[in-house]
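S.K.: Starting off with a structure, shown below.
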Amino acid sequence: MINKHHFLTYDTNWLTRFYHQTSQRATMLRNKELQLTAPYEIIVDYRNQGQLDWGSWEYSGEFCIAEELTSIKKQFISMLEQNDGLYKGNNVCPRVKTYSIMQNKLLLKLEKASYFDQVATNLALDYPLEETDATSLQARCLREWDLQQSNTPHGTLPSFESSQLANTIGVSLGITVKNKNNEKVFLTRTRTSHVAVAAHQEVLPFSFSLNFNPTPSMFGKQQSIKELIKADFIQEQAEELGIDASVLDFENVKPLLLCRELCRGGKPQFFCEIELDMCYEDLQNHISENLLPQKEFTSTIKSHTLNEAQQSFSTLSPEIQAFVVAKSS
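For the sequence shown, counting from 1, position 213 maps to 251 in this note's numbering; every step adds exactly one.
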């Protein structure tokens, strides 16, 4: 049953109902030995690459949201703006139109989309449609609609090519340090009630949607994914964590995975990690002293060992589940 109070449903049984074929694939993010599976399908696994090359991207034009979703988008945006859930504004974001992998090198074909396109599609998949919209789209929610309009076989995640969702790229960074007991731990933060989705969820400490400002001259020319992410990383790190660039240096960030998240209808997400030569307690104090008040996160930084997270796996947010499986394999 669709939850009338949430734009997204994170329940595993609900997702399996739509994507049971995809969830059985070998490409799912799982650890068979520990019997842990995160609701993500792997596109690129960087963990086994000797030389870490993030890959390339090409500018492929602009995305236009489906005409039949125009009024629904306005409705969703209006609801979220009334609740102050869109305080960051409507940035231009990169949408994955399609991708290819040649000789272990990733190439993303990217379109310009808007953050509001993402909010009205990938982040509102399970919100019950009004009766008139449900009748015209022949679907109860946008998750059902995207499966139907794409002619996707039952139980399978629509491909990037066939999906009409925004499918804009997100980046999640795990930060690993050692605590005073010399145990390796990773950091988490908790989202506030002011966010559009995943309110009150414990997540990785540093996540963001990519911005995208290609010029017409870039059309069809390959560019570096690493440099695309780096530009936003530098801007976001001070805002989100208040950590000096000398501590959180992007050149020390390692890509782990590029995945598609089932919860958000196949939205692409980069997972990466940085290990800091800094004690958790010292880092916690540093962040507390420099962090400005935020609407998106609470001010508390927590730490977990990998074993602790594995033991409480079913209670974790999808994002942390993905990081835990990535580090457990």
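Every residue, glycine too, gets a C-beta built ideally from N, C-alpha and C.
This one's a predicted model, so the numbers in the text were calculated from it and none came from an experiment.
What is the DSSP secondary structure of residue 315, reduced to helix, strand or coil?
M.R.: Locating residue 315 in the sequence shown gives position 277, counting from the first residue. Residue 315: strand per DSSP, three-state reduction.
S.K.: Taking the Cβ atom as the reference point for each residue, do residue 335 and residue 214 lie within a distance shorter than 8 Å?
M.R.: Within the sequence shown, numbered from 1, the residue matching residue 335 stands at position 297. Within the sequence shown, numbered from 1, the residue matching residue 214 stands at position 176. No. Outside cutoff.
S.K.: Can you check DSSP and say which residues form a bridge with residue 212?
M.R.: To locate residue 212, count along the sequence shown from 1; it is residue 174. Paired residue(s): 311.
S.K.: Tell me the rounded alpha-carbon separation between residue 211 and residue 268.
M.R.: Taking the sequence shown and counting its residues from 1, the one referred to as residue 211 is at position 173. Taking the sequence shown and counting its residues from 1, the one referred to as residue 268 is at position 230. Taking C-alpha positions only, residue 211 is separated from residue 268 by approximately 12 Å.
S.K.: Using a Cβ-Cβ cut-off of 8 Å (strictly less than) and excluding sequence neighbours within five positions of residue 52, which residues of its own chain qualify?
M.R.: Position 14 of the sequence shown, counted from the first residue, corresponds to residue 52. Closer than 8 Å at the Cβ level, and outside the excluded window around residue 52, lie 164.
S.K.: With a threshold of 6 Å on Cβ separation, who are the neighbours of residue 359 within its own chain once the five nearest residues in sequence on each side are excluded?
M.R.: To locate residue 359, count along the sequence shown from 1; it is residue 321. Only 76 meet the Cβ criterion.
S.K.: The beta strand (DSSP E) with residue 83 in it runs from where to where?
M.R.: One-based indexing of the sequence shown puts residue 83 at position 45. Note, residue 83: beta strand (DSSP E), 74-83.
S.K.: Rounded to whole angstroms, what is the Cα-Cα separation between residue 191 and residue 348?
M.R.: Stepping through the sequence shown from its first residue, residue 191 is reached at position 153. Stepping through the sequence shown from its first residue, residue 348 is reached at position 310. Taken atom to atom, the span from the alpha-carbon of residue 191 to that of residue 348 is near 33 Å.
S.K.: Below 8 Å, how does it come out for the segment 282-297 and the segment 311-326: are there three or more Cβ pairs, yes or no?
M.R.: yes
S.K.: Would a C-beta distance cut-off of 8 Å place residue 90 and residue 78 closer than the cut-off?
M.R.: Here residue 90 refers to the residue found at position 52 of the sequence shown. Here residue 78 refers to the residue found at position 40 of the sequence shown. No.
S.K.: In chain order, which beta strand (DSSP E) runs of at least 3 residues are fully inside the segment 191-265?
M.R.: 208-216, 222-229 and 244-247
S.K.: Within the continuous beta strand (DSSP E) that includes residue 135, where are the two ends?
M.R.: What you label residue 135 is simply residue 97 of the sequence shown in a count that begins at 1. Counting along the chain, the beta strand (DSSP E) containing residue 135 begins and ends at 130-140.
S.K.: In the DSSP output, which residue or residues are listed as bridge partners for residue 96?
M.R.: Against the sequence shown, residue 96 aligns to sequence position 58. Answer is 147.
S.K.: Opposite residue 342 in the DSSP bridges: which residues?
M.R.: Numbered from its first residue, the sequence shown carries residue 342 at position 304. In the DSSP output, where bridge partners are listed per residue, residue 342 has 224.
S.K.: Of all the options 248, 199, 220 and 70, which has the alpha carbon lying nearest to the alpha carbon of residue 263?
M.R.: As a first step, residue 263 must be located in the sequence shown, where it is residue number 225. The candidate whose alpha carbon is nearest that of residue 263 is 248.
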